[in-house]
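Chains A and B supply the protein sequences, listed in that same order. Using numbering that gives the first Met the number 0, the first residue of the first sequence is number 0, and each one after it goes up by one. Using numbering that gives the first Met the number 0, the first residue of the second sequence is number 0, and each one after it goes up by one. Backbone N, C-alpha and C fix where the C-beta goes; we use that ideal spot for every residue, glycine too. Quantities reported herein were computed from a predicted structural model and do not represent experimental measurements. Below you'll find the structure, written out as structure tokens, and then a few comments.
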Amino acid sequence: MAEWAQEVLALARRWFIMLRRERLSLVFSLVQPAIWLVFFGLGMGRAIDARAIGTADYLAFVLPGIIAFTVVGNGVSSAMPLLFDKEDGYLEKLMAMPISRSSIIVSRFLYQTVLLAGQVILVLAVAFAMGVRLAAGPAGFLVLMLAVALLTLAVTAAFLALAYAVPGHGTFFAVTGFATLPLLFISNAFVPFDAMPGWMAAIARLNPLSYAIGTMRILVLDGWTTELPVTLGVLAASAAALLACGTYEFRRHTGGRVG
Amino acid sequence: MTPLVQATALTRAFDSITAVDHLDLTIDRGEVFGLLGPNGAGKTTTIRMLATLLRPTSGTARVCGFDVTEQATAVRRRIGYVMQQTFQSGRYLLTGREAVEIEAALYHVPARAVRARAAEVLDVVGLAPHADRLVMTYSGGMKKRLELACGLLHRPEVLFLDEPSLGLDVQSRHAMWDHVRGLRDGGVTVLLATNYLDEADRICDRLTIIDHGRAVTTGTPAALKRAVGGDVLLVSTSERERLMQSVGNAPWVTRVAAPDAVVHIYVVDASVALPALMRLALDAGIVLERLSYTQPTLDDVFLLHTGRELREAA
Chain A
0 MAEWAQEVLA LARRWFIMLR RERLSLVFSL VQPAIWLVFF GLGMGRAIDA
50 RAIGTADYLA FVLPGIIAFT VVGNGVSSAM PLLFDKEDGY LEKLMAMPIS
100 RSSIIVSRFL YQTVLLAGQV ILVLAVAFAM GVRLAAGPAG FLVLMLAVAL
150 LTLAVTAAFL ALAYAVPGHG TFFAVTGFAT LPLLFISNAF VPFDAMPGWM
200 AAIARLNPLS YAIGTMRILV LDGWTTELPV TLGVLAASAA ALLACGTYEF
250 RRHTGGRVG
Chain B
0 MTPLVQATAL TRAFDSITAV DHLDLTIDRG EVFGLLGPNG AGKTTTIRML
50 ATLLRPTSGT ARVCGFDVTE QATAVRRRIG YVMQQTFQSG RYLLTGREAV
100 EIEAALYHVP ARAVRARAAE VLDVVGLAPH ADRLVMTYSG GMKKRLELAC
150 GLLHRPEVLF LDEPSLGLDV QSRHAMWDHV RGLRDGGVTV LLATNYLDEA
200 DRICDRLTII DHGRAVTTGT PAALKRAVGG DVLLVSTSER ERLMQSVGNA
250 PWVTRVAAPD AVVHIYVVDA SVALPALMRL ALDAGIVLER LSYTQPTLDD
300 VFLLHTGREL REAA
């Protein structure tokens, strides 16, 4: 266990050193959700029918959508270094070391979660300054961060699964470029289920993103409702399923090797 | 004493190609052992199996007394594996020191010893003055030496070096050889895969020549060359066939081969054979365009056992 922690921290250190050397990338990552909230939220808010979204406060309504958008947007860069390690042969070198295979992907989850937490706290601070308050109060903030962590786990696992499954990075970027935005549009990120055509709402309800957004939206708009454990539960189950998927693809890629 | 590396009938097939075919290897503690062969001979596949990265199709291998498939983790703790390539992605935006420290932690060097151990291995390969530069700015030779340093972090009992001097200039190659000799003197056993004859000749205590996945012959470089014969006469002539027929039965000739335009005449002693060859050529009316003689090289050893030259095979 101590050895495992040492491995995870060593591998995570690599990600954090890279981040420190690419400060500009860090700055853009951190401010992006806040920029979206301000310009997209304020602008679109004027064009939205309050009856369709069930609240006059569009900023509060769209905040969870923008957080989810941020997590999904980071999904590509979450898997990219591991994809390059695979193509570069460095993954092979790691495999020859006496380390637990899981530490390779866990280090990336750890890094992504810390980075996302920073982005989300910043966008929440901006939202707070613009008058948005969490209906669920300070404890709701912790649950919201839990939802962000679960969503990060789910999205990172999905992109890792893709990275290990594809024959090369061309396919990876083709698939992610195609899928990222539709994944958001076919969810309740910007539009509630009730405002969608029935068939579209049916698809959107199958999207794990919708449950992360649903959880956060309840915390922001409604407070502690009985629906909260349901959405949080579906989110956790989706994260577990995608993690299993990512682990499977990782094992499949590194299979043929010993243990 | 049990050997440090013991492979028995080690075999690996990829679809229809048998990359390694019933290979037997015995490497003793403290020696630099070479796997010499052309590209595609099965050297890397052999090392990957010994390094627990590839499951053998059949046969067994034990490294440091542990089975490579059944006790992979125990093997991984005791080996260092320096791969053929250097890494872009794996070293992206890291300094040499950071890269080495991260790998030290991955080898479970105790946290308080990581800094010192990293500095120590960087010093061994002569990278201490460049430790705080980004690896991306290193020359090819420095990148290779960095990989060697990483292979030493956990003080492995056996080090697998896959083409350690591939792509290096003459100076860097000599520096690399010095490092390998230094490691051997420090008690590390080295398995070195190479397609360079001079590399195998200069730094290997023993070697196996490998071709099409099979072990062709094994021995010390000196013994292998001795087995070829005393000297080699290299003759250029437009009448190759006639020359080969004429000398074929001469008592001072052990064997004749013509892998390329030059006829190789293996003889016991060049000082006796040279005048004899001249007389024979004059008598037969064969014009010799060029004539020289050398000691046999490992290329001659490869030629003797495979009928091809290593340079061509590669």
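Anyone know if the C-beta pair for residue i and residue j falls short of 8 angstroms?
i	j	result
L126 (chain B)	M141 (chain B)	yes
F192 (chain A)	A203 (chain A)	yes
A275 (chain B)	A257 (chain B)	no
L81 (chain A)	R50 (chain A)	no
E314 (chain B)	R205 (chain B)	This structure leaves residue 314 (chain B) out entirely; chain B is present only between 0 and 313.
L35 (chain B)	A221 (chain B)	no
L149 (chain A)	A235 (chain A)	yes
M243 (chain B)	V231 (chain B)	no
D210 (chain B)	T296 (chain B)	no
Y163 (chain A)	E248 (chain A)	yes
T1 (chain B)	G58 (chain B)	no
V252 (chain B)	V266 (chain B)	yes
P63 (chain A)	M215 (chain A)	yes
G222 (chain A)	A135 (chain A)	yes
T216 (chain B)	V286 (chain B)	no
I217 (chain A)	L227 (chain A)	yes
Y173 (chain B)	V124 (chain B)	A quick correction: the sequence has His, not Tyr, at residue 173 (chain B). No.
I104 (chain A)	G245 (chain A)	yes
V67 (chain B)	V74 (chain B)	yes
T56 (chain B)	R116 (chain B)	no
A214 (chain B)	L22 (chain B)	yes
D84 (chain A)	G181 (chain B)	no
As a quick exercise: from the options, pick the residue whose alpha carbon is nearest that of residue i.
i	options	result
T72 (chain B)	B:P55, B:A50, B:G33 and B:G166	B:A50
L145 (chain B)	B:H129, B:P155 and B:V157	B:H129
E21 (chain A)	B:C149, B:L92, B:R61 and B:S138	B:L92
T25 (chain B)	B:K42, B:A60, B:G39 and B:P55	B:A60
A8 (chain B)	B:D20, B:D14, B:T1 and B:T45	B:D20
M94 (chain A)	B:R96, B:G79 and B:G95	B:G79
T151 (chain A)	A:F249, A:G117 and A:A201	A:G117
E288 (chain B)	B:M277, B:R76 and B:R172	B:M277
L281 (chain B)	B:T236, B:T253, B:V267 and B:Q294	B:T236
A272 (chain B)	B:G228, B:G181 and B:R75	B:G228
P37 (chain B)	B:D14, B:L165, B:T1 and B:V120	B:L165
G169 (chain A)	A:K92, A:A124, A:P207 and A:E86	A:E86
W17 (chain B)	B:A6, B:D23 and B:T44	Trp is not the amino acid found at residue 17 (chain B); the sequence shown has Thr there. T17 (chain B) has its Cα closest to that of B:T44, out of B:A6, B:D23 and B:T44.
L105 (chain B)	B:M82, B:G150, B:S138 and B:R172	B:G150
L253 (chain A)	B:G41, B:F13, B:L53 and B:L22	Leu is not the amino acid found at residue 253 (chain A); the sequence shown has Thr there. Among B:G41, B:F13, B:L53 and B:L22, the Cα nearest to that of T253 (chain A) is on B:L53.
R297 (chain A)	A:G139, A:A240, A:L114 and A:S237	The requested residue 297 (chain A) is not part of the displayed model; chain A covers only 0 to 258.
R96 (chain B)	B:T85, B:V113 and B:V81	B:V113
L279 (chain B)	B:R254, B:V255, B:A260 and B:V246	B:V246
A55 (chain A)	A:V131, A:S28, A:S24 and A:G176	A:V131
P97 (chain A)	A:V142, A:P137, A:T230 and A:Q5	A:Q5
L58 (chain A)	A:A243, A:G88, A:F15 and A:V219	A:V219
Exercise for the section: With 9 angstroms as the limit, tell me which residues of the segment 86–103 of chain B have their beta carbon closer than that to any beta carbon of chain A; keep them in chain order. Expected result: F86, Q87, S88, G89, R90, Y91, L92, L93, T94, E97, A98, E100, I101, E102 and A103
Handout entry: Selection of the segment 65–84 of chain A by Cβ proximity to chain C, strictly under 8 angstroms
Key = In the structure shown, chain C does not exist; the protein chains are A and B.
Handout entry: Runs of alpha helix (DSSP H) lying entirely within the segment 70–113 of chain B, each at least 4 residues, in chain order
Key = For the segment 70–113 of chain B, whole alpha helix (DSSP H) runs of length 4 or above, ordered along the chain, are 71–77 and 95–105.
Problem - Given 8 angstroms, three or more beta-carbon pairs between the segment 130–139 of chain B and the segment 24–39 of chain A - result: no
Practice task
Run through the segment 194–243 of chain B for me and flag every whole alpha helix (DSSP H) of 4 or more residues, listed as ranges in chain order.
Solution key: 196–202 and 220–227
Exercise for the section: Report the residues of the segment 36–51 of chain B with a CB closer than 8 angstroms to any CB of chain A, ordered along the chain. Expected result: A50 and T51
Handout entry: chain A contacts from the segment 182–196 of chain B (Cβ-Cβ distance under 9 angstroms)
Key = Per Cβ criterion, the list is empty.
Exercise for the section: Quick one: which residues of the segment 14–34 of chain A get their C-beta closer than 8 angstroms to a C-beta of chain B? List them in chain order. Expected result: Those residues of the segment 14–34 of chain A placed with their C-beta closer than 8 angstroms to a C-beta in chain B are I16, M17, R20 and E21, ordered along the chain.
Handout entry: Members of the segment 69–88 of chain B that neighbour chain A once the beta carbon cut-off is set at 7 angstroms
Key = A71, T72, R75, R76, Y80, M82, Q84, F86, Q87 and S88
Handout entry: Cβ contact (3+ pairs, closer than 8 angstroms) linking the segment 4–21 of chain A and the segment 94–106 of chain B
Key = yes
Exercise for the section: Taking only runs that begin and end inside the segment 113–169 of chain A, name each unbroken alpha helix (DSSP H) of 4 or more residues, in chain order. Expected result: 136–164
Practice task
Would you check if the segment 152–160 of chain A and the segment 76–95 of chain A touch, i.e. whether three or more CB-CB distances between them fall below 8 angstroms?
Solution key: yes
Problem - Selection of the segment 88–101 of chain A by Cβ proximity to chain B, strictly under 9 angstroms - result: G88, Y89, L90, E91, K92, L93, M94, A95, M96, P97 and I98
Exercise for the section: Check each residue of the segment 104–118 of chain B: if its Cβ is closer than 8 angstroms to any Cβ of chain A, include it; give the result in chain order. Expected result: Against chain A - using a Cβ distance shorter than 8 angstroms - the residues of the segment 104–118 of chain B are A104, L105, Y106, H107 and A110.
Handout entry: Cβ contact check for the segment 150–170 of chain B and the segment 183–202 of chain B: 3 or more pairs under 8 angstroms
Key = yes
Exercise for the section: Kindly provide the ranges of any beta strand (DSSP E) runs that are 3 or more residues long and lie completely inside the segment 237–308 of chain B, ordered along the chain. Expected result: 252–256, 262–266 and 289–293
Exercise for the section: Select from the segment 184–195 of chain A all residues with a C-beta closer than 7 angstroms to any C-beta belonging to chain B, and list them in chain order. Expected result: none
Practice task
Quick one: which unbroken alpha helix (DSSP H) runs of 4-plus residues sit fully inside the segment 19–77 of chain B? Chain order, please.
Solution key: 42–49 and 71–77
Exercise for the section: Using a Cβ-Cβ cut-off of less than 9 angstroms, list which residues of the segment 203–237 of chain A approach chain B; keep chain order. Expected result: none
Problem - alpha helix (DSSP H) runs contained entirely in the segment 176–211 of chain A, provided each spans 4 or more residues - result: 197–203
Problem - Every unbroken beta strand (DSSP E) inside the segment 134–176 of chain B [3 residues or more] - result: 157–161
Practice task
Tell me the start and end of each unbroken alpha helix (DSSP H) in the segment 74–102 of chain A that is at least 4 residues and wholly inside, in chain order.
Solution key: 89–94
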